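Engineer: The listed protein sequences correspond, in order, to chains A and B. Every letter in the first sequence is one number past the one before it in this note's numbering, and letter 60, counting from 1, is 739. Every letter in the second sequence is one number past the one before it in this note's numbering, and letter 185, counting from 1, is 201.
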Amino acid sequence: MITKRIIPCLDVRDGRVVKGVNFEGLRDVNSPVELGKFYSECGADELVFYDITASFEGRKLFTDILTEVASQIFIPLTVGGGINTVDDFDRVLKCGADKVSVNSGAIKNPSLIDEAAKKYGNQCVVLSVDAKRVDGVYHVFLNGGRVDTGMDALKWVKEGVERGAGEVVLNSIDTDGVKKGFDLEMLKAVNELVKVPVIASGGAGSIQDFVDLFNEIPDISAGLAASIFHFGEVKIDDLKKRLKEENIPVRI
Amino acid sequence: MIAIIDYGVGNLFSLKSSIASIGAEAVVTSEKEIIDKADHVILPGVGAFGDAVSKLRDKDLFYFVKEQAATGKPFLGICLGMQLLFDKSYEYGEHEGLGLVPGVVRPLEGDIPENLDIPHMGWNSLHFIERLGLSKDKCDAFGAPTGRSPIFRNLNEGDHVYFVHSFAAFECVRNLTATAEYGFPLTAAVQNNNVYGTQFHPEKSGEVGMKILKAFAEL
Numbered sequence: 680m681i682t683k684r685i686i687p688c689l690d691v692r693d694g695r696v697v698k699g700v701n702f703e704g705l706r707d708v709n710s711p712v713e714l715g716k717f718y719s720e721c722g723a724d725e726l727v728f729y730d731i732t733a734s735f736e737g738r739k740l741f742t743d744i745l746t747e748v749a750s751q752i753f754i755p756l757t758v759g760g761g762i763n764t765v766d767d768f769d770r771v772l773k774c775g776a777d778k779v780s781v782n783s784g785a786i787k788n789p790s791l792i793d794e795a796a797k798k799y800g801n802q803c804v805v806l807s808v809d810a811k812r813v814d815g816v817y818h819v820f821l822n823g824g825r826v827d828t829g830m831d832a833l834k835w836v837k838e839g840v841e842r843g844a845g846e847v848v849l850n851s852i853d854t855d856g857v858k859k860g861f862d863l864e865m866l867k868a869v870n871e872l873v874k875v876p877v878i879a880s881g882g883a884g885s886i887q888d889f890v891d892l893f894n895e896i897p898d899i900s901a902g903l904a905a906s907i908f909h910f911g912e913v914k915i916d917d918l919k920k921r922l923k924e925e926n927i928p929v930r931i
Numbered sequence: 017m018i019a020i021i022d023y024g025v026g027n028l029f030s031l032k033s034s035i036a037s038i039g040a041e042a043v044v045t046s047e048k049e050i051i052d053k054a055d056h057v058i059l060p061g062v063g064a065f066g067d068a069v070s071k072l073r074d075k076d077l078f079y080f081v082k083e084q085a086a087t088g089k090p091f092l093g094i095c096l097g098m099q100l101l102f103d104k105s106y107e108y109g110e111h112e113g114l115g116l117v118p119g120v121v122r123p124l125e126g127d128i129p130e131n132l133d134i135p136h137m138g139w140n141s142l143h144f145i146e147r148l149g150l151s152k153d154k155c156d157a158f159g160a161p162t163g164r165s166p167i168f169r170n171l172n173e174g175d176h177v178y179f180v181h182s183f184a185a186f187e188c189v190r191n192l193t194a195t196a197e198y199g200f201p202l203t204a205a206v207q208n209n210n211v212y213g214t215q216f217h218p219e220k221s222g223e224v225g226m227k228i229l230k231a232f233a234e235l
């Protein structure tokens, strides 16, 4: 039986994880390799590395660190951040990424999805969408929710999948950072719309929030979170144990 | 030494690293001499079937790969590399495969319930085919596997491995060694004598995947 995936997302700046904190036994909590290993051993099903570096030098550090991660951790790795061209895909795939997530780069140039899917396969292209309610309609936002593109998020997701995205990460700006649970309403709308796997993001604050996610939307493929894992508020092994008790299929 | 055939499809970095991590030596190459000298061969691959066949032909590797499998050395196809082992594929047209394992490749669409996603992406549990419900004599007569495929000898029933694919192998029951449940028991792994194939990615399947690669390297 296919299992529900639990995915921690690590923000990386200049080759270092930004939000890492006190994990017992970890010598260097800001090391992407050490944190990645730690998560992998706790049962993370995939890892997402998000490059928030702005400079060229930082980008170089990111690819160096990615190579190191990929040579030591043997679970799927997704890379996002600063992906604007097919060359950017090439750059991170060569370092060992399995999937590449596009967000603003695809909004500016939607054919990036077509080109990348054609070259590397649909399974390689993840469409990441930041969405927020505006007058009762879901809009696509940029820059972490600061800029409203005015685009209809549901239409954009549908278009992205038609262009060749093999997976969708839906991040609700309305629930992101609030820690009161995933945006079930928005996720349901998106999940019903497309045939590819949808990953829920934004709003997880507790183990119960993941239980609710998978119980309320049984067809959702995965749950993604960042800070609650990094700050140890939710431990991935505890989370998976609980999901198993709730008869939600997980890999343990 | 394990030769990983490089014919221009997909990312071979993880595969090479994962083999290094189990203490075996791997080389990524498209050179026939090196592949010929290797005592194990891996045919990797992601992307489209037709494309992959063209690339193998362009590099003059199509018949060479068949010859390599015929030498009797352990040969492993992974993901699209497994699909290439079959007779033909109906992925965007009709394409001839390597014909090393009887069977065909078809889209999952239509064979699975509506609510299941395509691609089949994520961790699914393996169920080993140890005898196919036939007597040993019949298995022998059909060339069907008896006993677990040796590359799975260190695994437990239900162990999870990572899949990502939209097409799957059908009509290959005689060579089936493991299935995974996705609306129906889909082909997870096959074996035809020294030729092995896994639809999933052992190199992305954590500890379980490393056990499979190690068992293959020890063949």
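Note that beta-carbon positions come from the ideal geometry of N, C-alpha and C, so glycine has one too. As the structure is a computational prediction, the values presented were derived from the model and not from experiment.
Quick check: the Cα distance between I927 of chain A and A86 of chain B, rounded to an integer number of angstroms?
Structural biologist: Along the first sequence, one-based indexing puts residue 927 of chain A at 248. Along the second sequence, one-based indexing puts residue 86 of chain B at 70. When rounded, the distance between both Cα atoms is 45 Å.
Engineer: Name, in chain order, the residues that DSSP records as bridge partners for I817 of chain A.
Structural biologist: Here residue 817 of chain A is taken as the residue at index 138 of the first sequence, counted from 1. Checking the sequence, you will find Tyr at residue 817 of chain A rather than Ile. According to DSSP, which records beta bridges pairwise, Y817 of chain A is partnered with A:R812.
Engineer: Could you name the residues of the same chain whose beta carbon sits closer than 6 Å to that of G119 of chain B, not counting the 5 residues immediately before and after it, in chain order?
Structural biologist: For this step, residue 119 of chain B is matched to residue 103 along the second sequence. Same-chain partners within the cutoff: F102, A185, E187 and C188.
Engineer: Distance check for V25 of chain B and K858 of chain A, CA to CA, integer angstroms please.
Structural biologist: In the first sequence, counting from the first residue as 1, residue 858 of chain A sits at position 179. In the second sequence, counting from the first residue as 1, residue 25 of chain B sits at position 9. When only Cα atoms are considered, K858 of chain A and V25 of chain B end up about 42 Å apart.
Engineer: Report the rounded CA-to-CA distance for S783 of chain A versus L849 of chain A, giving the unit in angstroms.
Structural biologist: In the first sequence, residue 783 of chain A corresponds to position 104, counting from 1. In the first sequence, residue 849 of chain A corresponds to position 170, counting from 1. Cα to Cα, S783 of chain A sits roughly 14 Å from L849 of chain A.
Engineer: Based on DSSP bridge pairs, tell me the residues matched to T746 of chain A.
Structural biologist: Against the first sequence, residue 746 of chain A aligns to sequence position 67. According to DSSP, which records beta bridges pairwise, T746 of chain A is partnered with nothing at all.
Engineer: If I measure Cβ to Cβ from A936 of chain A and keep anything under 6 Å in the same chain, skipping five residues before and after, which residues do I get?
Structural biologist: In the structure displayed, chain A extends from 680 to 931; residue 936 of chain A sits before or after that span and is not available.
Engineer: Within 10 Å of its beta-carbon, does S719 of chain A have 16 or more other beta-carbons around it, so buried, or fewer, so exposed?
Structural biologist: As a working mapping, residue 719 of chain A is identified with position 40 in the first sequence. Result: buried.
Engineer: Could you confirm whether any beta carbon from chain B is found closer than 9 Å to the beta carbon of G845 of chain A?
Structural biologist: As a position in the first sequence, residue 845 of chain A is number 166, starting the count at 1. Yes, contact with chain B.
Engineer: Could you list the residues in the stretch 856-877 of chain A with a C-beta less than 9 Å from some C-beta on chain B, going in chain order?
Structural biologist: V873, K874, V875, P876 and V877
Engineer: Alpha carbon to alpha carbon, how far is G726 of chain A from D690 of chain A?
Structural biologist: Within the first sequence, the letter at position 47 stands for residue 726 of chain A. Within the first sequence, the letter at position 11 stands for residue 690 of chain A. Sequence inspection shows Leu at residue 726 of chain A; the Gly mentioned does not correspond to that position. Each residue's Cα considered, the two are about 11 Å apart.
Engineer: Taking Cβ positions, are V748 of chain A and K778 of chain A nearer each other than 9 Å?
Structural biologist: In the first sequence, residue 748 of chain A corresponds to position 69, counting from 1. In the first sequence, residue 778 of chain A corresponds to position 99, counting from 1. For the pair V748 of chain A and K778 of chain A, the CB atoms are not nearer than the 9 Å cut-off.
Engineer: Candidates B:F91, B:R190 and B:Y108: which alpha carbon is nearest A19 of chain B's?
Structural biologist: For this step, residue 19 of chain B is matched to residue 3 along the second sequence. Comparing Cα positions, the closest option is B:F91.
Engineer: For M830 of chain A, does the three-state DSSP call read helix, strand or coil?
Structural biologist: Here residue 830 of chain A is taken as the residue at index 151 of the first sequence, counted from 1. For M830 of chain A, the three-state secondary structure derived from DSSP is strand.
Engineer: Can you tell me whether DSSP reads C688 of chain A as helix, strand or coil?
Structural biologist: Taking the first residue of the first sequence as 1, we reach residue 688 of chain A at position 9. If DSSP states are grouped into helix, strand and coil, C688 of chain A belongs with the strands.
Engineer: Less than 9 Å between the C-beta atoms of K914 of chain A and C721 of chain A, yes or no?
Structural biologist: Counting from one through the first sequence, the residue named residue 914 of chain A turns up at place 235. Counting from one through the first sequence, the residue named residue 721 of chain A turns up at place 42. A Cβ-Cβ contact shorter than 9 Å links K914 of chain A with C721 of chain A.
Engineer: Pull up the DSSP beta-bridge partners for S105 of chain B, would you.
Structural biologist: The residue you call residue 105 of chain B lines up with position 89 of the second sequence. Note: S105 of chain B sits in a beta bridge opposite B:H111 and B:V121.
Engineer: State the start and end residues of the unbroken alpha helix (DSSP H) segment that holds I786 of chain A.
Structural biologist: Taking the first sequence and counting its residues from 1, the one referred to as residue 786 of chain A is at position 107. That run of the alpha helix (DSSP H) goes S783 to K787.
Engineer: Whole-angstrom Cβ separation of S30 of chain B and E219 of chain B, contact assumed at under 8 Å?
Structural biologist: Taking the second sequence and counting its residues from 1, one reaches residue 30 of chain B at position 14. Taking the second sequence and counting its residues from 1, one reaches residue 219 of chain B at position 203. At roughly 5 Å, the Cβ-Cβ gap stays under 8 Å, so S30 of chain B and E219 of chain B are in contact.
Engineer: Using CA atoms only, rank isn't needed, just tell me which of A:A901, A:V877 and A:D814 is closest to D827 of chain A.
Structural biologist: Counting from one through the first sequence, the residue named residue 827 of chain A turns up at place 148. Proximity to D827 of chain A across A:A901, A:V877 and A:D814 peaks at A:D814, based on C-alpha coordinates.
Engineer: Quick one: list the residues of chain B neighbouring P755 of chain A, beta-carbon separation under 7 Å, in chain order.
Structural biologist: The residue you call residue 755 of chain A lines up with position 76 of the first sequence. Per Cβ cutoff of 7 Å: Y178 and K220.
Engineer: Can you round the beta-carbon distance between V121 of chain B and S141 of chain B to whole angstroms, since I take them to be within the 8 Å contact cut?
Structural biologist: Residue 121 of chain B sits at position 105 when you count from the first residue of the second sequence. Residue 141 of chain B sits at position 125 when you count from the first residue of the second sequence. Between S141 of chain B and V121 of chain B the Cβ distance is about 22 Å, and since that is not below 8 Å, they are no contact.
Engineer: Compare the beta carbon distance of A776 of chain A and F735 of chain A with 9 Å and say whether it is the shorter of the two.
Structural biologist: Counting from one through the first sequence, the residue named residue 776 of chain A turns up at place 97. Counting from one through the first sequence, the residue named residue 735 of chain A turns up at place 56. No, these two residues do not count as a Cβ contact at 9 Å.
Engineer: Note down the Cα distance separating D809 of chain A from E871 of chain A, rounded to an integer number of angstroms.
Structural biologist: Residue 809 of chain A sits at position 130 when you count from the first residue of the first sequence. Residue 871 of chain A sits at position 192 when you count from the first residue of the first sequence. Taking the straight line joining both Cα atoms gives about 18 Å.
Engineer: Note down, in chain order, each residue of its chain lying with its Cβ closer than 8 Å to the Cβ of E895 of chain A, except the 5 sequence neighbours on either side.
Structural biologist: Residue numbering aside, residue 895 of chain A sits at position 216 when the first sequence is read from its first letter. Here the set comprises L863 and K867.
Engineer: With H909 of chain A as the anchor, note down where its alpha helix (DSSP H) starts and where it stops.
Structural biologist: Walking along the first sequence from the start, residue 909 of chain A turns up at place 230. Looking at the DSSP string, the run of the alpha helix (DSSP H) that includes H909 of chain A is S906 to H909.
Engineer: Mind the definition here: the stretch 916-927 of chain A touches the stretch 65-79 of chain B only if three or more C-beta pairs lie below 8 Å; say whether that holds.
Structural biologist: Touching, no.
Engineer: Exposed or buried, what is P711 of chain A when buried is set at 16 or more other beta-carbons lying within 10 Å of its beta-carbon?
Structural biologist: Here residue 711 of chain A corresponds to residue number 32 of the first sequence, with the count starting at 1. Classification of P711 of chain A: buried, given that the 10 Å Cβ count is 16 or more.
Engineer: How many angstroms separate the CA atom of V819 of chain A from the CA atom of N210 of chain B?
Structural biologist: Position 140 of the first sequence, counted from the start, is the residue given in the question as residue 819 of chain A. Position 194 of the second sequence, counted from the start, is the residue given in the question as residue 210 of chain B. Cα to Cα, V819 of chain A sits roughly 52 Å from N210 of chain B.
Engineer: Look at the alpha carbon of R73 of chain B and the alpha carbon of M137 of chain B, and state the distance between them as a whole number of angstroms.
Structural biologist: Stepping through the second sequence from its first residue, residue 73 of chain B is reached at position 57. Stepping through the second sequence from its first residue, residue 137 of chain B is reached at position 121. Going from the Cα of R73 of chain B to the Cα of M137 of chain B covers about 29 Å.
Engineer: Please go through the same chain and pick out, in chain order, the residues whose beta-carbon is closer than 8 Å to the beta-carbon of I786 of chain A, but skip the five residues on each side of it.
Structural biologist: Residue numbering aside, residue 786 of chain A sits at position 107 when the first sequence is read from its first letter. For I786 of chain A, same chain residues with a beta-carbon under 8 Å away, outside a window of 5 residues either side, are V819, L821, T828, M830 and W835 in chain order.
Engineer: Quick one, are the C-beta atoms of G752 of chain A and K716 of chain A less than 9 Å apart?
Structural biologist: Position 73 of the first sequence, counted from the start, is the residue given in the question as residue 752 of chain A. Position 37 of the first sequence, counted from the start, is the residue given in the question as residue 716 of chain A. Checking the sequence shown, residue 752 of chain A turns out to be Ile, not Gly. Yes, the Cβ-Cβ distance between I752 of chain A and K716 of chain A is below 9 Å.
Engineer: Please go through the same chain and pick out, in chain order, the residues whose beta-carbon is closer than 7 Å to the beta-carbon of L833 of chain A, but skip the five residues on each side of it.
Structural biologist: Numbered from its first residue, the first sequence carries residue 833 of chain A at position 154. Answer for L833 of chain A: Y817, A868, V869 and L872, listed in chain order.
Engineer: Do A901 of chain A and I685 of chain A have their beta-carbon atoms positioned less than 9 Å apart in this structure?
Structural biologist: Taking the first sequence and counting its residues from 1, one reaches residue 685 of chain A at position 6. Taking the first sequence and counting its residues from 1, one reaches residue 901 of chain A at position 222. A901 of chain A is positioned such that its CB atom lies closer than 9 Å to that of I685 of chain A.
Engineer: Just to check my reading of the structure: K75 of chain B and S33 of chain B have Cβ atoms closer than 8 Å, yes? What is that Cβ distance to the nearest angstrom?
Structural biologist: The residue given as residue 75 of chain B occupies position 59 in the second sequence. The residue given as residue 33 of chain B occupies position 17 in the second sequence. Their Cβ separation, rounded to whole angstroms, is 23 Å, which puts K75 of chain B and S33 of chain B out of contact at 8 Å.
Engineer: Would you say Y198 of chain B and I128 of chain B are within 9 Å of each other, going by their C-beta atoms?
Structural biologist: Along the second sequence, read from residue 1 onward, the residue named residue 198 of chain B stands at position 182. Along the second sequence, read from residue 1 onward, the residue named residue 128 of chain B stands at position 112. Going by C-beta atoms, Y198 of chain B is nearer than 9 Å to I128 of chain B.
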